[in-house]
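Novice: Add 1042 to a position in the sequence shown, counting from 1, and you land on the number used in this note's numbering. I have a structure here, written as structure tokens, and I will follow up with some questions on it.
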Amino acid sequence: MRHILAFALLAAATGHAQDYPAARRDVRHIIPWGAGGATDTAMRGFMQYFEKHLGTSVVTENIPGGLSAVGLLRLKMARPDGYTIGTLTYDVLTLSAQGLAPIAWEDFELIGMVTEHPSALIVRAERFATLEAFREEAAAGARIKVGNVGTGGIWHQHGAAMEKALAISLTHIPYEAGSGAQLTALLGGEVDATVASLPASLPYVREGTLRVLAVMSEERDALVPDVPTFREKGFDITHGGFRVLAVPRRTPEDVRHRLEAALRAAWNDRTFQAWAKKAVIGARFRDANETRVYLRDTAAKVNALMKALELS
């Protein structure tokens, strides 16, 4: 009887995979950050192309809170049938280490990477002209407020790493709703600076409202070729973020392969590439295996950073 039941379950799973996605059945996509932020903009935009190549509609839902923990818990607990997918961001590497939530990137099956982007120090254009001016004012004892997306989160970590490397003291202000609120605070003068993704700030940089003082990449970024890296200025700071598509553990392999094929096709779609270039989302493709290696290596780097900053 036990063998018959096992065979029946296997047959059902196989049949499900062959029929995936079912006609007229939507796929739910969880973004664990608030509406209007950089991740929301990038992933909602990508889903327009992804659903075309998947062959069914994708309905995106924002479930923010707890440095992405609330939304990721929903994804982790969802039925592993391919009809709930979600976006993982940098903070999935830090939640468990900080004791914030029992979530790790290994709790999910990876579909692939959609974007990768460097962190950057961004200020209002009239506030600081150079990294040297920023550091000089902070070193003189000025209270400089720097926005992030939550204590212990990606931009707090990278801001704290910058603070330590520059040997200055900063006041870190969290905006847990996400990068949209963080950027709004900078534009409105609530904070003096922010450490955030370079693509999200670029429209305001191009219009002259904001200025990028330095980027945390190994080489200058093509988006702002005139902006130096921190390394050029003598500070070994290289950090950034990513957006990865994932599903709950135990999602059937054939379903995962179908999702990965749709991701690859959507990413390579000429219309997506044109949109991504215009929207400046930091598009970067990695397949499931390449993404797994990337997250493993990045997690080791992040754990070392958190220990150095005494955040874990």
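Yeah, the Cβ is synthetic: ideal placement off N, Cα and C, and Gly gets one too.
Taking the continuous beta strand (DSSP E) assigned at F1272, which residues delimit it?
Specialist: Counting along the chain, F1272 falls outside any beta strand (DSSP E), and DSSP gives it neither H nor E.
Novice: Any chance you could list the alpha helix (DSSP H) runs of at least 4 consecutive residues sitting entirely within the region 1185-1229, in chain order?
Specialist: Within the region 1185-1229, the complete alpha helix (DSSP H) runs of at least 4 residues are 1196-1208, 1221-1229.
Novice: Quick one: Cα of G1282 to Cα of A1167, how far?
Specialist: 22 Å
Novice: For M1119, does the count of other Cβ atoms within 10 angstroms reach 16, so buried, or fall short, so exposed?
Specialist: exposed
Novice: Over what stretch of residues does the beta strand (DSSP E) that includes H1095 continue unbroken?
Specialist: Here H1095 belongs to no beta strand (DSSP E); instead the alpha helix (DSSP H) covers 1080-1096.
Novice: Expressed to the nearest angstrom, what Euclidean distance is found between the alpha-carbon atoms of R1312 and Y1091?
Specialist: 10 Å
Novice: Are the CB atoms of A1288 and F1150 within a distance shorter than 7 Å?
Specialist: yes
Novice: Within this structure, are the beta carbons of A1143 and M1348 separated by less than 7 Å?
Specialist: no
Novice: With a cut-off of 8 Å on the beta carbons, I'd call T1157 and R1326 a contact; round off their distance for me.
Specialist: The beta-carbon distance between T1157 and R1326, rounded to whole angstroms, is 6 Å. This is short enough to meet the 8 Å contact definition.
Novice: Near L1109, which residues of its chain fall below 6 Å by C-beta distance, leaving aside the five closest residues on each side in sequence?
Specialist: D1133, G1192, G1195
Novice: Less than 6 Å between C-beta atoms, sequence neighbours within five positions excluded: which residues of the same chain meet that for M1043?
Specialist: At M1043, the pLDDT of 49 sits below 50, so the modelled position is not reliable and the matter cannot be decided from this model.
Novice: Which of the three DSSP states, helix, strand or coil, is assigned to H1281?
Specialist: coil
Novice: Taking 7 Å as the cut-off, decide whether the C-beta atoms of V1257 and T1271 are in contact.
Specialist: yes
Novice: Sorted by chain position, which residues of the same chain lie with C-beta nearer than 6 Å to T1126's C-beta, five sequence neighbours on each side aside?
Specialist: R1070, A1120
Novice: Hey, how far is the Cα of I1145 from the Cα of G1113?
Specialist: Note on geometry: alpha-carbon atoms of I1145 and G1113 lie some 11 Å from one another.
Novice: Quick check: the region 1075-1083 against the region 1215-1229, are at least 3 beta-carbon pairs closer than 8 Å?
Specialist: yes
Novice: Which parts of the region 1230-1269 are runs of the beta strand (DSSP E), unbroken and 3 residues or longer, counting only runs that do not cross its ends?
Specialist: 1235-1239, 1252-1257
Novice: According to DSSP, is G1113 part of a helix, a strand, or is it coil?
Specialist: helix
Novice: Would you mind stating whether I1186 and L1208 have Cβ atoms separated by less than 7 Å?
Specialist: no
Novice: Rounded to the nearest angstrom, what separates G1107 and A1219 at their Cα positions?
Specialist: The straight-line gap from Cα to Cα measures roughly 7 Å.
Novice: Can you confirm whether the region 1173-1186 touches the region 1339-1346 when touching is taken to mean that 3 or more C-beta pairs between the two stretches lie within less than 8 Å?
Specialist: no
Novice: Determine whether the beta carbon atoms of I1164 and L1229 lie at a separation below 7 Å.
Specialist: no
Novice: By the DSSP assignment, the alpha helix (DSSP H) with A1162 in it spans what residues?
Specialist: Careful: A1162 lies outside any alpha helix (DSSP H), inside the beta strand (DSSP E) at 1150-1166.
Novice: Have a look at the DSSP bridge pairing and note the partners of P1290.
Specialist: In the DSSP output, where bridge partners are listed per residue, P1290 has F1150.
Novice: Excluding five sequence neighbours on each side, which residues of the same chain lie with their C-beta closer than 7 Å to the C-beta of R1334?
Specialist: L1152
Novice: Taking 7 Å as the cut-off, decide whether the C-beta atoms of I1323 and A1084 are in contact.
Specialist: yes
Novice: By Cβ distance, which residues of its chain are closer than 6 Å to A1050, with the 5 residues on each side in sequence left out?
Specialist: In this prediction, A1050 scores a pLDDT of 46, lower than 50, which makes its location untrustworthy; the coordinate-derived value is nonetheless stated afterwards. Answer for A1050: no residue qualifies.
Novice: Using only the alpha-carbon positions, how far apart do L1351 and A1238 sit?
Specialist: 18 Å
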